[in-house]
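For the sequence shown, the residue numbers in UniProt numbering are 1 to 161.
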Amino acid sequence: MMIIMIAAVAENNALGKNNELVWHLPNDFKRFKALTTGHYIIMGRKTFESFPKPLPNRTHVVVTRNKDYNPGGCIVAESIEKAIAICPENETSFIIGGGEIYSLGLPYADKLEITKVHHSFEADAFFPEINSDDWKEIETEFNPIDDKHQYAYTYQTFVKV
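Rendered as structure tokens:
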């Protein structure tokens, strides 16, 4: 089983504010869709509730301590460990947020797919520090500002060392 954490993260590790992203990067959405389609995606309840509807062609695993939570159309797990155990053993699964779930999931992740947004934002959710003793960057692709992207950003791939 391969567990990949995927996130768009600002220079100050910001993820979002008031359960919303604080930037709009269409190419990052396309990349997220391309990487996660057809896979199990693990997320916290607040992240799930930030979607207008469940994301198509993915199996949603929602982590919540609320035992009565049943939004329909997804699997509910009471811990990150149980969420990971639900995912198929011979497939890649993704942890997609938010801040608390990333912190809980980091020890279980094999790979990080990060979109580093080259700006700092006011936020109330943050990605955990990526410790260079634990993670090695193996791929990087810079993308400049253009007419659809207000901020420059870099795709970064890290693997556990």
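Every residue gets a Cβ at the ideal spot worked out from N, C-alpha and C, and that includes glycine.
- Per DSSP, Ser103 is not a residue of any beta strand (DSSP E); the alpha helix (DSSP H) it occupies stretches across 99 to 105.
- Per the DSSP secondary-structure output, Ser93 pairs in a beta bridge with Ile3, Tyr40.
- One thing to note: Ile95 has its Cβ no nearer than 7 Å to the Cβ of Ile138.
- The alpha-carbon separation between Arg65 and Lys53 amounts to approximately 21 Å.
- For Gly99, same chain residues with a beta-carbon under 6 Å away, outside a window of 5 residues either side, are Leu15, Ala125, Phe126 in chain order.
- Annotation: Pro88 to Gly44 spans about 19 Å, alpha carbon to alpha carbon.
- In the three-state DSSP reduction, Glu122 falls in the coil class, being neither helix nor strand.
- Thr157 and Lys67 have their alpha carbons spaced roughly 35 Å apart.
- Taking each of His119, Tyr69, Glu129 in turn and checking the Cα distance to His24, the smallest one comes out for His119.
- Setting aside the 5 residues that flank it on each side, Ile4 is surrounded in the same chain by Leu35, Thr92, Ser93, Phe94, Ile95, Ala109, Asp110, Lys111, Leu112, Glu113, each with a C-beta closer than 8 Å to its C-beta; the list follows chain order.
- In this structure Ile145 is exposed. Its beta-carbon is surrounded by fewer than 16 other beta-carbon atoms within 10 angstroms.
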